[in-house]
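S.K.: Sharing a structure, written as structure tokens. Questions coming.
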Amino acid sequence: MTTDYIAVPAKITLEQLYEYVRKQDDIPDFMFYFFVVENEHSHKLVGVVSNQEIFTVNPRTVVDSIMKKEIISVSALDHIREALKKMYLYELSALPVISRQTGKLLGIVTLQDAMAVYLPKSWQTRLRKIFSQ
Numbered sequence: 225m226t227t228d229y230i231a232v233p234a235k236i237t238l239e240q241l242y243e244y245v246r247k248q249d250d251i252p253d254f255m256f257y258f259f260v261v262e263n264e265h266s267h268k269l270v271g272v273v274s275n276q277e278i279f280t281v282n283p284r285t286v287v288d289s290i291m292k293k294e295i296i297s298v299s300a301l302d303h304i305r306e307a308l309k310k311m312y313l314y315e316l317s318a319l320p321v322i323s324r325q326t327g328k329l330l331g332i333v334t335l336q337d338a339m340a341v342y343l344p345k346s347w348q349t350r351l352r353k354i355f356s357q
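Numbering (our numbering), first residue to last: 225 to 357.
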């Protein structure tokens, strides 16, 4: 799991989201999704927006009107196999890790990181060679 992601409050506009990202000193390596939280203080996960979706609508659109509310996630106690299964089944490159008790976003698991933990070293080397060609 990594805490290197961008979480944004549900009630901001896309213009505000763009400005927020521009002001970041350190942009996360993984930027396929923006994780939408209830507000900046609660960190309760309420939705997810892909980076592709934010560029297809009016910049004055409020994030919670375009976010996906049906969140596919894992808990911190789930086995990595569960995360990989869900990523495969729903064709996702990352999953939010949430607290089952509070619904707070704890971090994310990326497909690359999950495979690095779960697959044997020999497979990881082969996959690197395949994907680097």
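Cβ coordinates follow ideal geometry from the N, Cα and C atoms, glycine included.
(1) Go to Leu269, then tell me how far its beta strand (DSSP E) extends in each direction, as first and last residue.
(2) Pick from Tyr229, Glu264, Gln325, Gln248: whose alpha carbon is nearest that of Lys235?
(3) Which residues in the same chain have their Cβ closer than 8 angstroms to the Cβ of Val272, if we skip the five residues on either side of it in sequence?
(4) What residue does the alpha helix (DSSP H) around Ile295 start on, and which one ends it?
(5) Using CA atoms only, rank isn't needed, just tell me which of Leu301, Ile251, Glu243 is closest to Gln325.
M.R.: Working from what's here:
(1) 269–274 is the extent of the beta strand (DSSP E) around Leu269.
(2) When only C-alpha atoms are compared, the closest one is Glu264.
(3) Excluding residues within five positions, the ones whose Cβ falls inside 8 angstroms are Tyr257, Phe258, Phe259, Val260, Met291, Lys292, Ile295, Pro320.
(4) No alpha helix (DSSP H) holds Ile295; DSSP gives it neither H nor E.
(5) Nearest C-alpha to Gln325: Leu301.
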